[in-house]
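So for the sequence shown, the numbering used here puts the first residue at 11; every next one is plus one. To start, the structure under review is shown below, and the notes come after it.
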Amino acid sequence: ELIPAEEATIPLVESEAQVEAVEQPVSESAPAPESSEDASAAKTSPKQKEKGDEESVAHSEATGADVLLNIALEEERETGRRKLQNLLPGMFIVYCPKGHRIKVREKHRGLTGKCPVCKAAFHVPAEEPKSDSEEAAGEESKLEEGSTDDKTIVTGSYSGWMQDVSQHRVDPARLKLRPGSLVKEFTPVDLAFSADGLLICELSKPGALFGGGPKKNPAIREEIYEHLRQGLSIDKLPGHKHRFFSTENFSELRIVQPCPAGQISLFHDIPVFGEGRIAIQIPRMDEGNELEFLSFSLSQFRSFVAGMRTVCGQADFAADAGIPLEENYELFKCHYTQQQVPALNQMDYYKADKSFELITVGYQCEKCGLVMSEEGRAAEKFGGAKGKSIAKAKCPGCEQKFGSMILEAIKDDPILAPEPENEEAEDETATAGEETSMEEVTPSEGASAESETEAKSEK
């Protein structure tokens, strides 16, 4: 049951007047003696009486307003004190339609009850409403990292929707060739794949006057999805603007970061889109001087490649780009435990993508390449108990400074599972032991049987 709050009571001004009237009753049988002031008041003119009445009314109204204000302020302070003193952990206040305060618990969220005072129905919110600042922070982080829609969205002939991919428009004359110079200069777009080509949707106008563009994107997405479900033409697609690249133009798509082997780098091998990110150049749709690109994190690019291959029919897309489309580990052996140490290759891509959770599995000497696992290091306390001094510690192999090369792997990757013990070998050993014992016991039993037979014959 919902727990009602204490009912707020506001003292009335009329009640005080009634109490005074009871304490000082007036006798009806004996009229009060008329004083000199009453006599003078009787001689006053009617106009003077009206003026006096107006002044008295104005004074009473002003006084009454002050009293009501004081009562309201006192009630507000009392409400605040009750809220701080009487609320237990896990409880909060809701109000019925008539304004009565009701205490409820967290377990009541999403339920409907009746006010114990007025019996009016009230509803407990299912979730605590987020502030505007929290929603804005969520949208900003989503735009920074980008996201891939994991749900299967059916929108006619389009599928594989990707949300908030970074689109860059670059003026070659103003480009600064330094790492990360284009990381923040992008517009978020959504991508969809079909057998006929690639659809790029810019949902809201960048740099909106009141900064409300990203907040409206979910509603615009639903409008786009419904538009495509109805099979309508993309010419009138909702959103700020869009473009469509047919499969005939896919030959103009070019990976520019990292630069594939045998090609000339457009940016002189400088990661202008950020370390560990992948960028492709897309065809220009107008006659301007700006070049257009799409940039991805590793997980985003894997989704993009999957859409290009399975939906658009580009089976060999990014096949020779040198980008890890699946996890690739290099196996080492620990110097101390002789156990296997798997380490990810091309770590820059994984470190730049926050969707991967990495763990330290070992360390490698910068001079001789000796490898030790984290378990072996901890057991030997190499570099201290917590390994803070590994870089300056002497390598057990070459006796030089070990350095700070860290080997990492994806958390919970199956390759990190401990190697299964050779149970078959143990079973074979046990079986062989049993057979041996049986062979050893059988002759002794035969010998005892023969001795018993001989004893009986002698008798």
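Glycine included, every Cβ here is placed at the ideal spot set by N, Cα and C.
Asked	Found
Residue interval of the beta strand (DSSP E) (run including Asp174)	169–180
For Phe303, three-class secondary structure by DSSP	strand
C-alpha distance - Leu187 paired with Ala427, whole-angstrom precision	44 Å
Straight-line gap, Glu409 to Leu341 (C-alpha atoms, nearest Å)	23 Å
Test item: CB-CB of Leu304 and Val193 under 8 Å	no
Chain-order list of residues whose beta-carbon lies under 7 Å from that of Glu436 (same chain, five-residue window excluded)	Note that Glu436 scores a pLDDT of 47, beneath 50, so its modelled location is shaky; the value from the coordinates is reported in the next line. Here the set comprises nothing.
Same chain, Cβ closer than 8 Å to Glu499, five either side skipped, listed in chain order	Outside the modelled stretch of the chain, which goes from 11 to 469, sits residue 499, for which no answer is possible.
Three-state class that DSSP yields for Gln310 in the structure shown	helix
Straight-line gap, Tyr359 to Tyr105 (C-alpha atoms, nearest Å)	52 Å
Straight-line Cα distance separating Phe203 from Pro268	23 Å
Phe255, DSSP secondary structure in three states	strand
Any 3 or more C-beta pairs closer than 8 Å across the region 380–394 and the region 320–336	no
DSSP beta-bridge partners of Glu418	Thr370
Bridge partner(s) assigned by DSSP for Gly483	Outside the displayed span of the chain (11 to 469) sits residue 483, for which this structure offers no information.
Contact check, Ala362 vs Arg287, beta carbons under 8 Å	yes
Nonlocal neighbours in the same chain, by C-beta distance under 6 Å from Lys59, ignoring five residues either side	For Lys59, the predicted structure reports a pLDDT of 49, less than 50, and the residue's modelled location is therefore unreliable. A value from the coordinates is still provided. Closer than 6 Å at the Cβ level, and outside the excluded window around Lys59, lies no residue.
Leu209 - DSSP class collapsed to helix/strand/coil	strand
Pairwise C-alpha distance: Gly207 and Asn259	9 Å
Nearest-angstrom Cα separation, counted from Glu262 out to Glu297	16 Å
Same chain only: Cβ atoms within 7 Å of Ala325, ignoring 5 sequence neighbours per side	Arg319
Contacting residues, own chain, Cβ-Cβ under 7 Å from His133 (five flanking each side not counted)	Thr122
Sub-8 Å separation of His252 and Ile210 beta-carbons	yes
Ser365 versus Gln240 - alpha carbon distance	34 Å
Val127 versus Lys113: straight-line alpha-carbon distance, rounded	13 Å
Residue burial classification, Ser275 (beta-carbon count within 10 angstroms, cutoff 16)	exposed
Backbone CA spacing between Ala388 and Pro281 [nearest angstrom]	37 Å
Three-state secondary structure (DSSP) of Asp76	helix
Sheet register partners of Arg387 (DSSP bridge)	Arg387 pairs with nothing; no bridge assigned.
Extent of the continuous alpha helix (DSSP H) to which Tyr360 belongs	357–361
Residues bridged to Phe102 [DSSP beta-bridge criterion]	Val114
Assumed close pair Glu418, Val371 - CB separation to whole angstroms, cut-off 8 Å	6 Å
Ser204 in three-state terms, based on DSSP	strand
Residues near Gly317 in its chain [Cβ-Cβ closer than 6 Å; skip 5 each side]	Gly170, Phe203
Separation of Glu85 from Ile244, as counted between CA atoms	60 Å
Span of the beta strand (DSSP E), counted from its first residue to its last, around Ala353	350–354
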